[in-house]
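Per numbering that gives the first Met the number 0, residue 0 is the first one in the sequence shown, and the count goes up by one each step. Backbone N, C-alpha and C define an ideal beta-carbon position, used for all residues, glycine too. None of these values were measured; they are calculated from a predicted model. Structure record follows, encoded as structure tokens.
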Amino acid sequence: MMAGYFAAKEGASVTILEKNKMLGRKIRISGKGRCNLTNASDLETIINNIYRNGNFMYSSLYSFTNDNLIDLFESFGLKLKTERGNRVFPVSDKSIDVVKTMEKMLDSKNVRVKTSSTVKNIILEDEKVKGVVLSNGTKMMADRVIVTTGGKSYPLTGSTGDGYIMAKKCGHSITDLYPALVGLETREPISEELVGLNLRNISINLYKNGKKIYEDFGELEYRDYGIDGPIIKSASCYMDNFQKNNYKIVLDLKPALTYEKLDARILRDFEKYSNKPFEKSLKDLLPKKMIDYIVYKTGIDRKKPVHQVSKEERHILLGLIKGVEYDIKRLRPIEEAIVTEGGISVKEVNPSTMESKLVEGLYFAGEILDINGFTGGYNLQIAFSTGYLAGINSAQ
């Protein structure tokens, strides 16, 4: 949509061929239906949050910045707000409003949109683009083609990897594809009372073969298969090859407190509930759903009066609150991933124009490229900025 708008703005005659019955299926479900469409941080911060091939994005991001994006949407009447972590959302909290705004943009430039139109092949002649062939056999001639088919994640939205097949036929290399920004399955089964529990303001450390490789702070959610939520999705980007590597995630439930301060806090609670059973002494410290699990993990008798809990037992509790460990079995399937890691090799694409280095008139933008960012609006900004560059350069 962004590529189509800017190509038409430059004076090109543009047709969008959309596989689905409607535009923007993936935008409609992004950010749990709220659509975190960009991040309001400075550009260097954004590039630092694009963990895979971030340097490729310099040209795109400086040509079409997050500020340019915000101004563009607001000029078409979409009111925006910035939340924690500089995440930008529509004021309405409705992702459909982002899609409607983009449809308004396309209408303003007379972009033709053909829905339920699946492209099967790109027509090439003498290493130049000549058009496309649809699944019904219809040929559509064009001297520029921009491929923005997304990856393989969320196939229900139409991103089933078609673009990779087309790009491969045009001579492009596709790097290995993995699920990214996805939940993690734990070896230890998750008890029923924990499923659905959200933990806020906790920190995690990710270990690979015993060595710490990543840390984060934020929100985690328990699922029946393991752990999920923003910080877990970000951690998943650092994990691959589970046959060769062992991964462990350690949660600190009270990262704002040092061991000493947490010990002092527990001692105060123990004094307050000195004649109560041990399980009752934790109600001020932990979420209700978490208490049974922590008590079970300590091995301390839940009915033991608090004043009988030994110093050693207290230190076990302390260590557990500062370090709940989960061995990770595997990533959840690519169908559940927010984005696909991997894609068309960026070595074969001109970062200043988004044009293929192999085929004249062929352009790529968005998730089909081997570029990935963390959660927080970075992946949509990648799509919008590369779409902008592909749009204006294809038209020129």
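In this structure residue 143 is buried. Its beta-carbon is surrounded by 16 or more other beta-carbon atoms within 10 angstroms. The three-state secondary structure of residue 179, taken from DSSP, is strand.
In the three-state scheme derived from DSSP, where H, G and I count as helix and E and B as strand, residue 140 is classed as strand. Of 156, 87, 90, 167, the smallest CA-CA separation from residue 121 is found for 167.
Around the beta-carbon of residue 306, fewer than 16 other beta-carbon atoms lie within 10 Å, marking it exposed.
Annotation: residue 15 to residue 128 spans about 16 Å, alpha carbon to alpha carbon. Taking a contact as a CB-CB distance under 8 Å, the pair residue 323 and residue 252 counts as one, their CB atoms being some 7 Å apart. For the 8 Å CB-CB criterion, residue 230 and residue 216 form a contact. Membership of residue 363 in the beta strand (DSSP E) is indicated by the continuous run 361-363. Rounded to whole angstroms, the gap between the alpha carbons of residue 245 and residue 213 is 14 Å. DSSP, reduced to helix, strand and coil, places residue 355 within a strand of the structure shown.
A direct Cα-Cα distance of roughly 21 Å separates residue 7 from residue 149.
A residue is called buried once 16 or more other Cβ atoms fall within 10 Å of its Cβ, and residue 287, having fewer, is exposed.
Looking at the DSSP output, residue 203 bridges to 215, 250. For residue 145, the secondary structure class from DSSP, reduced to helix, strand or coil, is strand. Residues of the same chain with a CB within less than 6 Å of the CB of residue 378, apart from the 5 flanking positions on each side, are 338, 372 in chain order. Judged by beta-carbon spacing, residue 366 lies beyond the 8 Å limit of residue 356, meaning their Cβ atoms are not closer than that value. Here the C-alpha atom of residue 318 lies approximately 15 Å from the C-alpha atom of residue 289. Residue pairing of residue 326 in beta bridges, as defined by DSSP: 247.
Distance from residue 86 to residue 38 at the Cβ level is roughly 6 Å; contact confirmed, criterion being Cβ atoms closer than 8 Å.
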